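K.L.:
Let me begin by handing over the structure; questions about it come next.
Numbering (UniProt numbering), first residue to last: 1 to 106.
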């Protein structure tokens, strides 16, 4: 008997065929492979799982790229807006935010 959350590596000949999987399990298996999907299923064992963050991660990365491009001195706000498909006001809002590099005075 396995301990809770212990992942058992099933041999590939024990895996279900992709056609046998339904719904989200099939979608996950198509993305990461049947073996990895089975590991996720074992780990979370029927617990609903929500995956957050994709937009937040990409937005944060985009904002760092905008800051980096601006800091080179090669781009104006208008040029950055065109490059990143944003309004110029959005560029200035992004550049106006603290990037975490400035030291606090108090």
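Ideal Cβ placement from N, Cα and C applies to all residues, glycine included.
Fair warning: this is a prediction, and the values are worked out from it, not measured in the lab.
Short check: CB of residue 15 to CB of residue 46, under 8 Å?
P.N.:
Going by C-beta atoms, residue 15 is not nearer than 8 Å to residue 46.
K.L.:
Would you decide whether residue 66 is buried or exposed? Buried here means 16 or more other CB atoms lie within 10 Å of its CB.
P.N.:
Answer is buried; the Cβ neighbour count reaches 16.
K.L.:
So for residue 18, helix, strand or coil by DSSP?
P.N.:
Looking at residue 18 - three-state DSSP - the assignment turns out to be helix.
K.L.:
With respect to the alpha helix (DSSP H) encompassing residue 78, which residues constitute its N-terminal and C-terminal limits?
P.N.:
That run of the alpha helix (DSSP H) goes 77-84.
K.L.:
Determine the direct distance from the alpha carbon of residue 44 to that of residue 18, and round the result to whole angstroms.
P.N.:
Straight-line Cα distance between these residues: approximately 20 Å.
K.L.:
Counting Cβ pairs, one atom from each stretch, are 3 or more of them under 8 Å apart for the segment 86-95 and the segment 66-76?
P.N.:
Touching, yes.
K.L.:
Could you name the residues of the same chain whose beta carbon sits closer than 7 Å to that of residue 40, not counting the 5 residues immediately before and after it, in chain order?
P.N.:
28.
K.L.:
Using the Cα positions of residue 86 and residue 79, report the straight-line distance between them to the nearest angstrom.
P.N.:
Going from the Cα of residue 86 to the Cα of residue 79 covers about 10 Å.
K.L.:
Note the first and the last residue of the continuous alpha helix (DSSP H) segment covering residue 74.
P.N.:
Run containing residue 74: none; DSSP gives neither H nor E here.
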